[in-house]
Structures are given as C-alpha cells and as structure tokens.
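Using our numbering, you'd call the opening residue of the sequence shown number 4 and step up by one each time.
What follows is a set of notes on a single structure, which appears directly below.
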Amino acid sequence: MKSKIPDNVVFSKENGYNANVLAYPTSVGAPAIKMDNVVDWKNIGIRNVNREFESKFNELKAEYEKLMQEYEWNEILYNAKYSFEPIIGETYHLYLAKDGSNFLSLIHPDFWNKEHIGSFKLNSNKKWIHIDSKQDTF
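Put into structure tokens, the structure is as follows:
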C-alpha cells in the first residue's frame, strides 16, 4: 500500500514539501484569506474625484461670471457718450444723465453732484477695467 499524505499537508511530487515558499497560507490554523472591500475604496475615490470636479467647476463658473461682468461693463462704456479719446491708464468715471443715458467724464464724483455709476481705467488692450472708487486718484 502506498503511503498517503494527509490533505492538510502541502506536498507535490515535483517540489516536495514546499509550504514555506508559497505566497499564501497553507495551514488550517493560518488566518483566513479575505477579499478586500473594494466598494469602500471605490466610494472614497468617487467622492474625492467628484469634490475635485466640483471645485474646478466652481472655479470656472466664477471665472465665467467675472468675464461676463467685464463684458457687460465694456458694453456699457463703449456705448456711453463721451467727446474725447480716452487715454490708456487714466481713471474715468461713468455717470447717469438726466435722460437715462450714460456718459463718461474725467471729473471725480467728489467734485460733481451727478449720479456716479462706477470708475474705470482703460488698459492697453482697450478693455475697460472697473476699479474701486476708493482707489481713484484725483
């Protein structure tokens, strides 16, 4: 009769007793092999990526809103009345006329009793930049 090796002993004819070189546990008393919980890992990854996308979307949305505001100010200023050629870098003030139209002036709002809409500078690209009236120099 052939000697039979028990089922719980790792033995092969080619390698002999090789339990010590295997990458997985072979003994009955060894810790159980468990599948990693990839669902939690995926959910965490999805949340992180969604947060990043939302953050980037909010940045782009804020940039778009700023661009649209600049466009609207430029539209108003280029349609306003003025009888001079604006100089790049100078501060100009936008006022509301009695007839409801807008006009551009060099006169600072502190020295004129008109309804002041805003103060602007013309940059080198011929784009009007809205500035805080507290920064105005007169």
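Just so you know, even glycine gets a beta-carbon here, dropped at the ideal spot from N, CA and C.
Quantities reported herein were computed from a predicted structural model and do not represent experimental measurements.
**Study point:** The alpha helix (DSSP H) enclosing K69, as first and last residue numbers
**Key:** The sequence position of residue 69 within the sequence shown is 66, counting from 1. Per DSSP, K69 belongs to the alpha helix (DSSP H) from V41 to N82.
Point to revise | Test item: CB-CB of Y85 and L99 under 8 angstroms | key: By 1-based counting over the sequence shown, the position of residue 85 is 82. By 1-based counting over the sequence shown, the position of residue 99 is 96. No, the pair does not count as a contact, with Cβ atoms beyond the cut-off.
Practice item. Count the CB pairs spanning the stretch 53 to 65 and the stretch 77 to 84 that are closer than 8 angstroms, and state whether there are at least three. Key: no
Review point. How many angstroms separate the CA atom of I132 from the CA atom of I110?
Key: The residue you call residue 132 lines up with position 129 of the sequence shown. The residue you call residue 110 lines up with position 107 of the sequence shown. Looking at the two C-alpha atoms, the distance is approximately 17 angstroms.
Practice item. Could you tell me whether the Cβ atoms of L80 and L97 are closer together than 8 angstroms? Key: As a working mapping, residue 80 is identified with position 77 in the sequence shown. As a working mapping, residue 97 is identified with position 94 in the sequence shown. Result yes, Cβ atoms of L80 and L97 sit closer than 8 angstroms.
Practice item. Using 10 angstroms around the beta-carbon of Q138, count the other beta-carbons present and answer buried if the total reaches 16, otherwise exposed. Key: The residue you call residue 138 lines up with position 135 of the sequence shown. Bear in mind that a pLDDT of 49 at Q138, under 50, signals an unreliable position, so the number given afterwards is only what the model happens to contain. Flag for Q138 reads exposed.
**Study point:** Top-ranked residue by Cα proximity to E93, from F114, I134 and E118
**Key:** The residue given as residue 93 occupies position 90 in the sequence shown. Ranking the options by Cα distance to E93, first place goes to I134.
Review point. How many angstroms separate the CA atom of G51 from the CA atom of N61?
Key: The sequence position of residue 51 within the sequence shown is 48, counting from 1. The sequence position of residue 61 within the sequence shown is 58, counting from 1. It is worth fixing the name first, because residue 51 is Asn in this sequence and not Gly. Taking the straight line from one Cα to the other gives about 15 angstroms.
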